[in-house]
Amino acid sequence: FMNKVDLVDDEEMLELVEMEVRELLDAYEFGGDDASVIAGSALKALEDDSTAKQQIRDLMAAVDADIPEPVRDVDKPFLMPIEDV
Numbered sequence: 018f019m020n021k022v023d024l025v026d027d028e029e030m031l032e033l034v035e036m037e038v039r040e041l042l043d044a045y046e047f048g049g050d051d052a053s054v055i056a057g058s059a060l061k062a063l064e065d066d067s068t069a070k071q072q073i074r075d076l077m078a079a080v081d082a083d084i085p086e087p088v089r090d091v092d093k094p095f096l097m098p099i100e101d102v
């Protein structure tokens, strides 16, 4: 999520930042070309701006689509870690 886009007036600057993020992801072998980059403003969404709220919905849809839900072994015994006894 590319946040605070409401503070930037230059559309080319946003495109440049997105390109740099994708290049950085590629440099660390995370597939920058395939990554979803959603631009928006979290503050505007909290202030009830309908466009910003839709961008947050788009972000959550991208998270649901791109991050698989882990497979859980529910048939095995329950294990609970204990720390600092």
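If you're matching positions, the sequence shown starts at 18 in our numbering and goes up one per residue.
Glycine included, each C-beta is placed from N, C-alpha and C at the ideal position.
> CA-CA distance, residue 72 and residue 56?
Replying inline: As a position in the sequence shown, residue 72 is number 55, starting the count at 1. As a position in the sequence shown, residue 56 is number 39, starting the count at 1. In this structure, the CA atom of residue 72 is about 7 Å from the CA atom of residue 56.
>> By DSSP's criteria, residue 56 is part of a beta bridge. Which residues make up the other side?
In response: Mapped onto the sequence shown, residue 56 falls at position 39. DSSP output for residue 56 lists 19 as bridge partner(s).
> What is the DSSP secondary structure of residue 39, counted as helix, strand or coil?
Replying inline: The residue labelled residue 39 in the question sits at position 22 within the sequence shown. DSSP places residue 39 in helix when its eight states are reduced to three.
> Which term fits residue 69, buried or exposed, when burial requires 16 or more other beta carbons within 10 angstroms of its beta carbon?
Replying inline: Sequence index remark: in the sequence shown, residue 69 carries index 52 (1-based). By the 10 Å Cβ count, residue 69 comes out buried.
>> Rounding to the nearest angstrom, what Cα-Cα distance links residue 47 and residue 41 in this structure?
In response: Taking the sequence shown and counting its residues from 1, one reaches residue 47 at position 30. Taking the sequence shown and counting its residues from 1, one reaches residue 41 at position 24. Roughly 9 Å between the two C-alpha positions.
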